[in-house]
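Accompanying notes for the structure given below.
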Amino acid sequence: MDKHLQTAIFGAPVLHPDEQHRNLGTFHERIDLGITFTQALTHDYSHALEAEMTAHPDYQLLLHGLLDQDILDRYVHLACQQDVRFAIRTDLMYLHAPDSLAIALVAGTAISPTSINIDERFPIDPAPSTDVPHDLLIERIHKHIEHNRAVLRKRYHLD
């Protein structure tokens with residue numbers, strides 16, 4: 012009886028909840044490519060994702076709901092073009108730190124690639140140097156994520 016009561020109060024138990032919260036609701040061994048918030052806000056990875064989606068049309072694209080709307084639109088449009096399933100995860104339980112996953116291309120079963128980091132698998136040409144120091148860029152990304160958190164909390168009346 013206690014098990015039924017616990018399930019009714021707290022919901023169905025989840026296997027490895029911390030891992031799923033870090034990985035947009037999936038297991039690490041199912042992720043083919045991952046893009047962090049910092050990467051998503053600084054580069055466009057459409058070509059790399061398009062190549063991987065073409066190679067694996069049965070995979071699913073997971074997007075964090077705290078990404079900017081233009082970034083979400085870009086990758087949703089890409090998924091629709093490639094006829095790949097996608098999901099936008101908006102629950103606050105999914106981590107949203109600068110080094111947390113913002114975008115993930117995932118398989119339905121374990122695939123365990125050597126690396127899920129998109130920069131390692133699809134190296135990009137170094138961008139021309141900018142006048143913005145690295146620390147200032149990280150600070151801007153932190154502020155951007157905090158702003159998106161506040162908007163989400165307000166939208167869902169969580170304050």
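By the numbering used here, the letter at position 28 of the sequence shown is numbered 39, and the numbering carries on one by one without gaps. All C-beta atoms, glycine included, are put in the ideal place defined by N, C-alpha and C.
Span separating the alpha-carbon of residue i from that of residue j
i, j, result
"Asp84", "Leu73", "13 Å"
"Asn159", "Arg132", "29 Å"
"Ala19", "Ile149", "42 Å"
"Asn34", "Ile42", "8 Å"
Same chain, Cβ closer than 6 Å to residue i, five either side skipped, listed in chain order
i, result
"Ala90", "Leu72 and Phe97"
Assigned exposure category for residue i - 16 Cβ within 10 Å defines buried
i, result
"Tyr105", "buried"
"Thr37", "buried"
"Glu157", "exposed"
"His119", "As written in the sequence, residue 119 is Gly, which differs from the His given in the question. Answer is exposed; the Cβ neighbour count stays below 16."
"Ile127", "buried"
"Ser123", "exposed"
Nearest candidate by alpha-carbon position, reference residue i, set the options
i, options, result
"Ala115", "Lys14, Pro134, Arg164 and Val87", "Val87"
"His153", "Gln50, His39, Glu40 and Pro134", "Gln50"
"Gly76", "Tyr70, Gln31 and Ala113", "Ala113"
"His168", "Gly45, Asp102 and Asp81", "Asp102"
"Ala62", "Ala121, Phe48, Ile129 and Leu78", "Ile129"
"Ser111", "Pro68, His39, Leu16 and Ala161", "His39"
Residue i at chain B interface by Cβ criterion, 8 Å
i, result
"Gly76", "The chain inventory of the structure shown lacks chain B, comprising one protein chain alone."
8 Å Cβ shell around residue i - same chain, five flanking residues per side excluded
i, result
"Ser140", "Note that Ser140 scores 49 on pLDDT, short of 50, meaning its location in the model is unreliable; the coordinates nonetheless yield the value given after this. Nothing listed; no residue qualifies."
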